[in-house]
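**Student:**
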Ligand SMILES: NC(=O)c1ccc[n+]([C@@H]2O[C@H](COP(=O)([O-])OP(=O)(O)OC[C@H]3O[C@@H](n4cnc5c(N)ncnc54)[C@H](OP(=O)(O)O)[C@@H]3O)[C@@H](O)[C@H]2O)c1
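Numbering (the working numbering), first residue to last: 24 to 355.
1. If you compare alpha carbons, which of 323, 177, 91 and 240 is closest to residue 116?
2. Output needed for residue 275: all residues of its chain with C-beta closer than 8 Å, excluding positions within five of it in sequence on either side, in chain order.
3. Would residue 125 pass as an interface residue toward chain B - the criterion being a Cβ-Cβ separation below 8 Å?
4. To the nearest angstrom, how far is it from the Cα of residue 216 to the Cα of residue 163?
5. Nearest to residue 227 by CA position, among 138, 268, 185 and 181, is which residue?
6. In chain order, what residues of the same chain lie with their CB nearer than 7 Å to the CB of residue 119, ignoring the 5 residues before and after it?
7. Let me check understanding here. Comparing Cα to Cα, which of 233, 161, 186 and 244 lies closest to residue 201?
8. Quick check: the Cα distance between residue 188 and residue 194, rounded to an integer number of angstroms?
9. Measure the beta-carbon distance from residue 225 to residue 252 and round it to whole angstroms, keeping in mind my assumption that it falls under 8 Å.
10. Could you compute how far the alpha carbon of residue 235 sits from the alpha carbon of residue 211?
11. Just to confirm the assignment, what range does the alpha helix (DSSP H) spanning residue 144 have?
12. Where residue 258 and residue 283 are concerned, what is the direct C-alpha to C-alpha distance, given to the nearest angstrom?
13. What are the boundary residues of the alpha helix (DSSP H) that includes residue 327?
14. By DSSP, does residue 110 sit in helix, in strand, or in coil?
15. To the nearest angstrom, report how far apart residue 317 and residue 199 are at their CA atoms.
16. Using 10 angstroms around the beta-carbon of residue 314, count the other beta-carbons present and answer buried if the total reaches 16, otherwise exposed.
17. Using CA atoms only, rank isn't needed, just tell me which of 299, 140 and 308 is closest to residue 109.
18. Inspect the beta-carbon positions of residue 48 and residue 27 and report whether they are closer than 8 Å.
19. Considering just the uninterrupted stretch of the alpha helix (DSSP H) at residue 69, what are its terminal residues?
20. Output the distance between the C-alpha atoms of residue 46 and residue 328, rounded to the nearest integer angstrom.
21. DSSP puts residue 351 in a beta bridge; with which residues?
22. Can you tell me which of the three DSSP states residue 227 falls into?
23. Could you tell me which residues DSSP pairs with residue 99 in its beta bridges?
24. Mind reading off the beta-carbon distance from residue 174 to residue 68? Whole number of angstroms is fine, and I expect it under 8 Å.
25. Tell me where the alpha helix (DSSP H) around residue 334 begins and ends.
26. Rounded to whole angstroms, what's the CA-CA distance from residue 179 to residue 267? Just pull it up for me.
27. In chain order, what are the residue ranges of uninterrupted beta strand (DSSP E) at least 3 long that sit wholly in the stretch 117 to 171?
28. Taking the alpha carbon of residue 160 as the point to measure from, which residue in 323, 220 and 311 has its own alpha carbon closest?
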């Protein structure tokens, strides 16, 4: 083991700009937690881009290494639960927020954050899934509890994004009829390849009338964008429909009335993969490694090294990414 390791360090300049660079770090900059992990793969998520741009709701203290996902091998452990040399994955909790994260060759984390890599997944596949995969799995799990595959169309918003594309792929694998809503007119083929039956323009979901109820179009929905789109979906669910909410790229305000709830008995279910308890986390990763594993994860991924992060961060903030960005720590 060298004395130093490479990481994507974000610093705050005197004129309040946030600049990310690949730099060598000393090991004593890492927190003194239970398990030291050699990271093989990470991924780029919307939240990582917010952290890299100095968003105080995500990261308070700089310099900082973002990265809410890390997949690698435990190289030192103070815990009986995770032995040295165990392949592991870490997503969420405080990783990459105020604890230095996975865009780095090493992380040091509490043992309670760690999931042993389930049989059926490689470290690379686990990183392609990452937080987006866990969030998609939690969303599908909530929907599946109430909506059968023959109930009608299931809408997925932000469908070319990380959570969206993995939700499309898992739902299709489970036999649901998936309608993918996107802002990208040139991604029809991609969405159909991963399992969408039909694609629609997301503008169709941005209703600005004040109608309390719209035509009941969806048996269920996985919403990853929030804002007026989530409000429109709530008013467009069929009787007893379910919509899960995990994201806010289209806005953090939700405007609706109680009518869809009291006249159509709809269900709005919040999804959180960050603090998701370990038992549920383990069961979701078991499913992602087996019957829910998308058939061809490789069609959804662009692989980059740490030095390509600045360009990808700009793109994800502008909603220009399709699928998942895999960060391969062996790449320069
Ligand atoms: N609650 C949780 O635990 C949790 C976990 C993970 C992620 N999230 C949140 O879920 C959301 C999606 O995360 P992600 O990692 O999948 O992000 P992502 O890969 O950047 O995907 C977001 C997608 O949303 C669509 N979009 C972008 N800007 C939009 C806008 N202004 N209006 C409507 N749609 C827009 C785009 O898809 P199209 O071009 O196809 O429309 C984009 O690809 C984020 O808000 C993230 O913070 C929450």
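Even glycine gets a Cβ: it sits at the ideal position worked out from N, Cα and C.
The structure presented is a predicted model; accordingly, all values stated were derived computationally and were not measured.
**Tutor:** For this structure:
1. Residue mapping note: residue 116 aligns to position 93 of the chain shown, counting from 1. Answer by Cα proximity: 91.
2. Reading the chain shown from its first residue, position 252 is the one you call residue 275. Cβ neighbours of residue 275 beyond the five flanking positions: 249 and 250.
3. Looking for chain B here will not work: only one protein chain is present.
4. As a working mapping, residue 216 is identified with position 193 in the chain shown. As a working mapping, residue 163 is identified with position 140 in the chain shown. Cα-Cα distance, rounded: 19 Å.
5. Residue numbering aside, residue 227 sits at position 204 when the chain shown is read from its first letter. Considering only alpha carbons, the answer is 181.
6. For the purposes of this step, residue 119 is taken as residue 96 along the chain shown, with counting starting at 1. Result list for residue 119: 71, 74, 89, 90, 91 and 125, in chain order.
7. Taking the chain shown and counting its residues from 1, one reaches residue 201 at position 178. When only C-alpha atoms are compared, the closest one is 244.
8. Reading the chain shown from its first residue, position 165 is the one you call residue 188. Reading the chain shown from its first residue, position 171 is the one you call residue 194. The alpha-carbon atoms of residue 188 and residue 194 are separated by roughly 10 Å.
9. Here residue 225 refers to the residue found at position 202 of the chain shown. Here residue 252 refers to the residue found at position 229 of the chain shown. Right, the Cβ-Cβ distance comes to about 7 Å (below 8 Å), so this counts as a contact.
10. For the purposes of this step, residue 235 is identified with residue 212 of the chain shown, where counting begins at 1. For the purposes of this step, residue 211 is identified with residue 188 of the chain shown, where counting begins at 1. Near 31 Å, if we compare the C-alpha coordinates of residue 211 and residue 235.
11. Locating residue 144 in the chain shown gives position 121, where the first residue counts as 1. Looking at the DSSP string, residue 144 is not in any alpha helix (DSSP H), and its letter there is neither H nor E.
12. Here residue 258 refers to the residue found at position 235 when the chain shown is read from its first residue. Here residue 283 refers to the residue found at position 260 when the chain shown is read from its first residue. Distance between the alpha carbons of residue 258 and residue 283 is about 6 Å.
13. Residue 327 sits at position 304 when you count from the first residue of the chain shown. Run containing residue 327: none in the alpha helix (DSSP H); it sits in the beta strand (DSSP E), 324 to 327.
14. For the purposes of this step, residue 110 is identified with residue 87 of the chain shown, where counting begins at 1. Strand at residue 110.
15. Here the question's residue 317 lines up with position 294 in the chain shown. Here the question's residue 199 lines up with position 176 in the chain shown. Their Cα atoms are separated by approximately 14 Å.
16. For the purposes of this step, residue 314 is taken as residue 291 along the chain shown, with counting starting at 1. With fewer than 16 other Cβ atoms within 10 Å, it is exposed.
17. Translated into positions along the chain shown, residue 109 becomes position 86. Ranking 299, 140 and 308 by Cα distance to residue 109 puts 140 first.
18. Numbered from its first residue, the chain shown carries residue 48 at position 25. Numbered from its first residue, the chain shown carries residue 27 at position 4. Their beta carbons are under 8 Å apart, which means residue 48 touches residue 27 by this criterion.
19. On the chain shown, residue 69 is found 46 positions in, with the first residue counted as 1. Here the alpha helix (DSSP H) through residue 69 covers 69 to 75.
20. In the chain shown, counting from the first residue as 1, residue 46 sits at position 23. In the chain shown, counting from the first residue as 1, residue 328 sits at position 305. So the alpha carbons of these two residues sit roughly 13 Å apart.
21. By one-based count along the chain shown, residue 351 stands at place 328. Residue 351 is bridged to 64.
22. Within the chain shown, numbered from 1, the residue matching residue 227 stands at position 204. Looking at residue 227 - three-state DSSP - the assignment turns out to be helix.
23. Here residue 99 corresponds to residue number 76 of the chain shown, with the count starting at 1. 59, per the DSSP bridge assignment.
24. Numbered from 1 along the chain shown, position 151 holds the residue referred to as residue 174. Numbered from 1 along the chain shown, position 45 holds the residue referred to as residue 68. 30 Å between Cβ atoms; not a contact.
25. Mapped onto the chain shown, residue 334 falls at position 311. Its alpha helix (DSSP H) spans residues 332 to 340.
26. For the purposes of this step, residue 179 is taken as residue 156 along the chain shown, with counting starting at 1. For the purposes of this step, residue 267 is taken as residue 244 along the chain shown, with counting starting at 1. Each residue's Cα considered, the two are about 10 Å apart.
27. 129 to 132 and 137 to 139
28. As a first step, residue 160 is located in the chain shown; it is residue number 137 there, counting from the start. Ranking the options by Cα distance to residue 160, first place goes to 311.
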